[in-house]
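Student: Got a structure for you, written out below as structure tokens; questions coming shortly.
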Amino acid sequence: MTFSSKSETMIEFRDVHKYYGEYHALRGINASIKAGEFFSLLGPSGCGKTTLLRTVAGFEGISSGAVMVDGRDMADVPPNHRPTNMVFQSYAIFPHLTVEENVGFGLRKDPRSKEEKAREVGKTLELVGLTGFGKRAAHALSGGQRQRVALARALILKPKVLLLDEPLSALDKKIREQMQVELIKLQREVGITFVLVTHDQEEALVMSDRIAVMFDGEIAQMDEPERLYRKPASQRVANFIGTMNFLPTRILSDGARVATEVQGLGLVEVDASQVSGAATAGQPVVGFRPETLTILYEGQQATDREAWATVREVVYYGDMTYYDVVIDGTDRELRLSMRNVFGRPVLDIGTRTRVGWSPGALVLFR
Amino acid sequence: MKFPALKTYTVAYLLFLYAPILLLPIFAFNDSKIIAFPLQGFTTGWFRMMWADDALFKALRNSLIVGISTSIMATTLGIFAARASTRYAFPGKAAGLGLIMLPMVLPEMIMSMSMLVVFLAIGIPLNLFTIILGHVLVCTPFAVAILTSAFQSLDKSLEEAAQDLGEGPFSTFWRVILPLVMPGIISSALITFTISLDEFIIAFFLGGTETTLSVYIFGQFRFPARVPSIMALGTILVCLSIALLTTAEYFRRRGIARTGAKDTGGFL
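Chains G and L, in that order, are what the protein sequence lines are.
My numbering numbers the first residue of the first sequence as 20 and each following residue consecutively.
My numbering numbers the first residue of the second sequence as 45 and each following residue consecutively.
Rendered as structure tokens:
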């Protein structure tokens, strides 16, 4: 994924700490978000991602450190004077106003004439695909439409930063996926810095230029989606982003090449660049994604190495099939994904099969 | 219904509750000074007699002054208390709210006696103003209860959204919070007005020489000849109450319809 906008910093967190009484909610956040970037804060509930977002909007104070927006310290700036606007998780559409009045809510102090403002409202409604909905009562809208009103209401003020707090979590799957794509397009169109909070790793991977994964009030890893997926900084991050298989490992020798003995796979040499951060249990493991394992049908050769395995579970998805397999000499089920190709049968539970794998696709957590 | 006995009981209960009220208009139009069956014939004379009674109109005027002032003051105080109790956390909040709500269950006799003692001791003359003070004391808990539920149902992020869109605390209150709690405010105003209107003990103790409608009506019962015209007055009050409650309900339902909230039942 390439990121080609001007790379000046829009938001900067400098050693941000936040306490709620005794509870240490943010534990030294350092990060900078570039102008025009689509940035996601990803983590399980309670990790501090929403709190961090709200420190940018001004709804949460911080205990120490600094939050800078566009080069300016936000410490003494109240929410109504910050160059940021927010899309709330509940959308917070004003129920007593029409769609138009909601979208135009923030224009009260705008010096432009009534007609110009009305035109602006119309243009913004068009931008979010709600042309013709202006006169509707806000409470009569569907979830997806409310979402668009919330977006329009924030975007009409042309903020430097748009903050989105789990904006898609209340929508059903189909509309959510559609909105993800629309949001990406919208962000490219308006060029505003988007900061998204989500607990949905797939959503973060799909939409973001960069993602900060947060656990327990700290940023565990900040990277582009592909790097985050390919080389998680720790086993905990790996577990949170997508599915990863782990096998216990013994490290035999260190250096530019690391020699290891992996349960069931035997002696494996990996490059130093494949060595990542901490394993969760303290004991080294290698991790690999489901798509890096391949079932080898009769007559097929492994591109790299292969092992015998038994199919324990088959999950058929139409275009894909997920298998849980146990490689000989190991005691755990590994998730394996195969694209379904015409003429290649889906295997049954209990089938013995060869499985192809590559040392180059492994990540070593130690 | 599965149990016919329960049905009978329900009907009997409702009759017991509302049938006496129906007697008011019946005797208001009955051509006899004695309140008893059989009825003697139709007359509107009692209404004319009531209409000619200057003392009654003075009492009515007093009641309206007391009722409207009480309603405005209690509802205003209620807005402050409800806002504070739903939005902020501060030490002593539970105790403070408990004390505000206490007059709801405290015997009015005790309150009016103690207020009377205090007013006399510090030399405040008894008049409509002292009645208003007493009424505000007993009406504020009702206002707080009604308004707290109105403020509680308000999503906090609506307020944050208004701030986020550039509004300060005051204009946020004005543009977002107030319109959304308006049905609650109207409810509170009407109910505190009604409570003040028919309150007797405080009005009797703290009124001095001023008479409110309730005290006036009580006084009139000493003269049997005046009773039928009191029935006429009662009839008018019943009609006005129904009109008032219907208005309150209309505003409540409209408020709910406008915000698209779920109707959880009102008075009617």
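Each residue gets a CB set at the ideal place from its N, CA and C atoms; glycine is no exception.
Exposed or buried, S82/G, counting other C-beta atoms within 10 Å across all chains shown (16 or more means buried)?
Tutor: As a position in the first sequence, residue 82/G is number 63, starting the count at 1. Label assigned to S82/G: exposed.
Student: Please report how far the alpha carbon of V294/G lies from the alpha carbon of R46/G, in whole angstroms.
Tutor: The residue given as residue 294/G occupies position 275 in the first sequence. The residue given as residue 46/G occupies position 27 in the first sequence. Roughly 26 Å between the two C-alpha positions.
Student: Could you tell me if D34/G is buried or exposed, where buried requires 16 or more neighbouring beta carbons within 10 angstroms of its beta carbon?
Tutor: Numbered from its first residue, the first sequence carries residue 34/G at position 15. Exposed, by the Cβ-count rule.
Student: Taking C-beta to C-beta, are T311/G and L61/G nearer than 9 Å?
Tutor: In the first sequence, residue 311/G corresponds to position 292, counting from 1. In the first sequence, residue 61/G corresponds to position 42, counting from 1. For T311/G and L61/G, no; Cβs fall outside 9 Å.
Student: Confirm, please, whether the CB-CB distance from F217/L to S129/L is below 9 Å.
Tutor: Along the second sequence, read from residue 1 onward, the residue named residue 129/L stands at position 85. Along the second sequence, read from residue 1 onward, the residue named residue 217/L stands at position 173. Cβ atoms of S129/L and F217/L: not closer than 9 Å.
Student: Mapping the DSSP letters down to three states, classify S64/G as helix, strand or coil.
Tutor: Counted from its first residue, the first sequence places residue 64/G at position 45. DSSP places S64/G in coil when its eight states are reduced to three.
Student: For my contact list, V75/G and I30/G are in at a C-beta cut-off of 8 Å; report their separation, rounded to the angstrom.
Tutor: As a position in the first sequence, residue 75/G is number 56, starting the count at 1. As a position in the first sequence, residue 30/G is number 11, starting the count at 1. V75/G to I30/G, Cβ: 6 Å. Contact.
Student: Going along chain G in order, which residues have a C-beta closer than 7 Å to the C-beta of Q207/L?
Tutor: Taking the first residue of the second sequence as 1, we reach residue 207/L at position 163. Under the 7 Å cutoff, chain G gives P98 and N99.
Student: Flag this pair as yes or no: are the beta carbons of E332/G and Y316/G separated by less than 9 Å?
Tutor: The residue labelled residue 332/G in the question sits at position 313 within the first sequence. The residue labelled residue 316/G in the question sits at position 297 within the first sequence. No, they are not a contact pair.
Student: Could you have a look at E325/G and say whether DSSP puts it in helix, strand or coil?
Tutor: The residue you call residue 325/G lines up with position 306 of the first sequence. Strand.
Student: Please list, in chain order, the chain G residues whose beta carbon lies closer than 8 Å to that of V162/L.
Tutor: As a first step, residue 162/L must be located in the second sequence, where it is residue number 118. Within 8 Å Cβ-Cβ: nothing; V162/L doesn't reach chain G, min ~43 Å.
Student: Hey, out of L149/G, R195/G and G125/G, whose CA is closest to P178/G's CA?
Tutor: In the first sequence, counting from the first residue as 1, residue 178/G sits at position 159. The option with the nearest alpha carbon to P178/G is G125/G.
Student: Cα separation between A157/G and P130/G?
Tutor: Working through the first sequence from its first residue, we reach residue 157/G at position 138. Working through the first sequence from its first residue, we reach residue 130/G at position 111. Answer to the nearest angstrom: the Cα atoms are 26 Å apart.
Student: With H, G and I counted as helix, E and B as strand and the rest as coil, what does DSSP make of S59/G?
Tutor: As a first step, residue 59/G must be located in the first sequence, where it is residue number 40. Here S59/G sits in strand by DSSP.
Student: Is the segment 59–74 of chain L touching the segment 221–236 of chain L in the sense that three or more CB pairs, one from each, lie closer than 8 Å?
Tutor: Verdict: no, contact absent.
Student: My output table needs one value for T21/G: the three-state DSSP class, helix, strand or coil.
Tutor: If you number the first sequence from 1, residue 21/G lands on position 2. Unreliable positioning characterises T21/G in this predicted model, as indicated by a pLDDT of 40, which lies under 50. The coordinate reading is nonetheless provided below. Coil at T21/G, not helix or strand.
Student: Exposed or buried, which one is V88/G when buried takes at least 16 other CB atoms within 10 Å?
Tutor: Residue mapping note: residue 88/G aligns to position 69 of the first sequence, counting from 1. When all chains shown are included, V88/G counts as buried.
Student: Under 7 Å Cβ to Cβ from R385/G, same chain only, skipping five residues before and after it: list those, please.
Tutor: One-based indexing of the first sequence puts residue 385/G at position 366. Result list for R385/G: I270, V294, A298 and P303, in chain order.
Student: Assign L312/L to one of three DSSP states: helix, strand, or coil.
Tutor: Here residue 312/L refers to the residue found at position 268 when the second sequence is read from its first residue. Caution applies to L312/L, whose pLDDT of 40 falls short of 50 and renders its modelled position unreliable; the model cannot decide the point.
Student: Between S377/G and D290/G, is the Cβ-Cβ spacing less than 9 Å?
Tutor: To locate residue 377/G, count along the first sequence from 1; it is residue 358. To locate residue 290/G, count along the first sequence from 1; it is residue 271. No, they are not a contact pair.
Student: Which residues does DSSP pair with A237/G in a beta bridge?
Tutor: Reading the first sequence from its first residue, position 218 is the one you call residue 237/G. The residue you asked about is not Ala; residue 237/G is Glu in the sequence shown. The partner list for E237/G (beta bridge, DSSP) reads F234/G.
Student: For the segment 102–125 of chain G, which residues have a beta carbon sitting closer than 7 Å to at least one beta carbon of chain L?
Tutor: Answer set for the segment 102–125 of chain G: N104, M105, F107, S109, A111, F113, P114, H115, F124 and G125.
Student: Which term fits T268/G, buried or exposed, when burial requires 16 or more other beta carbons within 10 angstroms of its beta carbon?
Tutor: The count along the first sequence starts at 1 and reaches residue 268/G at position 249. It is buried - the Cβ of T268/G has at least 16 other Cβ atoms within 10 Å.
Student: Can a CB atom of chain G be found closer than 9 Å to the CB of E211/L?
Tutor: Numbered from its first residue, the second sequence carries residue 211/L at position 167. It does: the Cβ of E211/L has a partner Cβ on chain G nearer than 9 Å.
Student: To be precise: take each residue of the segment 73–94 of chain G, compare its Cβ to all Cβ atoms of chain L, and keep it if any distance is under 7 Å. Which residues remain?
Tutor: Here the close residues are A76 and F78.
Student: Taking only the alpha-carbon atoms, compute the straight-line gap between T231/G and P251/G and give it to the nearest angstrom.
Tutor: For the purposes of this step, residue 231/G is identified with residue 212 of the first sequence, where counting begins at 1. For the purposes of this step, residue 251/G is identified with residue 232 of the first sequence, where counting begins at 1. The amino acid occupying residue 231/G in the given sequence is Ala; Thr does not appear at that position. C-alpha separation (whole angstroms): 12 Å.
Student: In chain G, what lies closer than 7 Å to G202/L by C-beta?
Tutor: Taking the second sequence and counting its residues from 1, one reaches residue 202/L at position 158. Rather than Gly, the amino acid found at residue 202/L in this sequence is Leu. Those are A111 and F113, listed as they occur along chain G.
Student: For chain G, find out if any of its Cβ atoms is closer than 9 Å to the Cβ of L281/L; answer yes or no.
Tutor: Taking the second sequence and counting its residues from 1, the one referred to as residue 281/L is at position 237. L281/L does not count as touching chain G.
Student: Closest Cβ-Cβ distance between S193/L and chain G: below 9 Å?
Tutor: Here residue 193/L is taken as the residue at index 149 of the second sequence, counted from 1. So, not an interface residue.
Student: So if I threshold CB-CB distances at 9 Å, which residues from the segment 219–234 of chain L count as touching chain G?
Tutor: Those would be R219, V220, P223, L224 and M226, in chain order.
Student: Which whole-angstrom value describes the C-beta separation of T349/G and Q282/G, a residue pair presumed to lie in contact below a C-beta threshold of 8 Å?
Tutor: Translated into positions along the first sequence, residue 349/G becomes position 330. Translated into positions along the first sequence, residue 282/G becomes position 263. Correct: roughly 5 Å between the Cβ atoms.
Student: Measuring CB to CB, does F259/G end up less than 9 Å from P63/G?
Tutor: Walking along the first sequence from the start, residue 259/G turns up at place 240. Walking along the first sequence from the start, residue 63/G turns up at place 44. Closer than 9 Å, so yes.
Student: Just to make sure I have the definition right: I need the residues of chain L whose C-beta is within less than 8 Å of the C-beta of L176/G. Which are they?
Tutor: Numbered from 1 along the first sequence, position 157 holds the residue referred to as residue 176/G. In chain order: L209 and G210.
Student: For R207/G, decide whether its Cβ has a neighbour in chain L, counting only Cβ atoms nearer than 9 Å.
Tutor: As a first step, residue 207/G must be located in the first sequence, where it is residue number 188. So, not an interface residue.
Student: I need the DSSP call for I70/L, collapsed to helix, strand or coil.
Tutor: Here residue 70/L corresponds to residue number 26 of the second sequence, with the count starting at 1. Three-state DSSP puts I70/L in a helix.
Student: With 9 Å as the threshold, decide whether the Cβ of R138/G is near any Cβ in chain L.
Tutor: For this step, residue 138/G is matched to residue 119 along the first sequence. Chain L contact via Cβ: absent.
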